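Those letters in the sequence shown? Residues 2 to 124, by my numbering.
Even for Gly, the Cβ is constructed at its ideal location relative to N, Cα and C.
Computed from a prediction, not measured in an experiment: that's the story for all the values here.
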Amino acid sequence: MNQRIAVAIEELPGNIYVVAENFSRCSKFVVCEINSKKIVVQKETYFNPLNGHQKSQSQLPGYINQFDVDYIIAGVMDKKTLSNFHQFRINVITAPKLQFKDALEQFLFGKLNRYVEKIEEDN
Numbered sequence: 002m003n004q005r006i007a008v009a010i011e012e013l014p015g016n017i018y019v020v021a022e023n024f025s026r027c028s029k030f031v032v033c034e035i036n037s038k039k040i041v042v043q044k045e046t047y048f049n050p051l052n053g054h055q056k057s058q059s060q061l062p063g064y065i066n067q068f069d070v071d072y073i074i075a076g077v078m079d080k081k082t083l084s085n086f087h088q089f090r091i092n093v094i095t096a097p098k099l100q101f102k103d104a105l106e107q108f109l110f111g112k113l114n115r116y117v118e119k120i121e122e123d124n
């Protein structure tokens, strides 16, 4: 069975994509479908419709859920957002500032697979 992951992206100068350090401020999400042989068979990009909106972070799990993902790779997030992802049965993996291609490769090889507790305080 295929897996689907979403990666929260921050764009740096030079067209470099990294995992967004702050989840709510990511500019876009790259959604990848991965087959049982650990090959990316589909990749789609979706802009973050809530980018720049204050207090939007806890609404993003519902937005991400529509893409039927099993995992989200992102940076820091508050406890409410983490809980919202878990309610949708989306596993959260942290890898802030890791280049997108490196994050994807590490995920495929099982080296990137957990949430590290770097939680922002609720505002």
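According to DSSP, simplified to helix, strand and coil, what is residue i?
{"i": "residue 29", "result": "strand"}
{"i": "residue 13", "result": "strand"}
{"i": "residue 34", "result": "strand"}
{"i": "residue 3", "result": "coil"}
{"i": "residue 92", "result": "strand"}
Round the Cβ separation of residue i and residue j to the nearest angstrom and send it over; I've been treating them as touching at under 8 Å.
{"i": "residue 19", "j": "residue 98", "result": "5 Å"}
Please report the straight-line C-alpha distance between residue i and residue j, rounded to a whole angstrom.
{"i": "residue 3", "j": "residue 35", "result": "5 Å"}
{"i": "residue 8", "j": "residue 80", "result": "19 Å"}
{"i": "residue 17", "j": "residue 45", "result": "17 Å"}
{"i": "residue 13", "j": "residue 110", "result": "25 Å"}
{"i": "residue 30", "j": "residue 37", "result": "22 Å"}
{"i": "residue 1", "j": "residue 65", "result": "With the chain represented from 2 up to 124, any question about residue 1 goes unanswered, as that position is not in the structure."}
Q.
To test your reading of the DSSP string, which unbroken beta strand (DSSP E) runs of 3 or more residues are found completely within the segment 38-73?
A. You should have 41-48.
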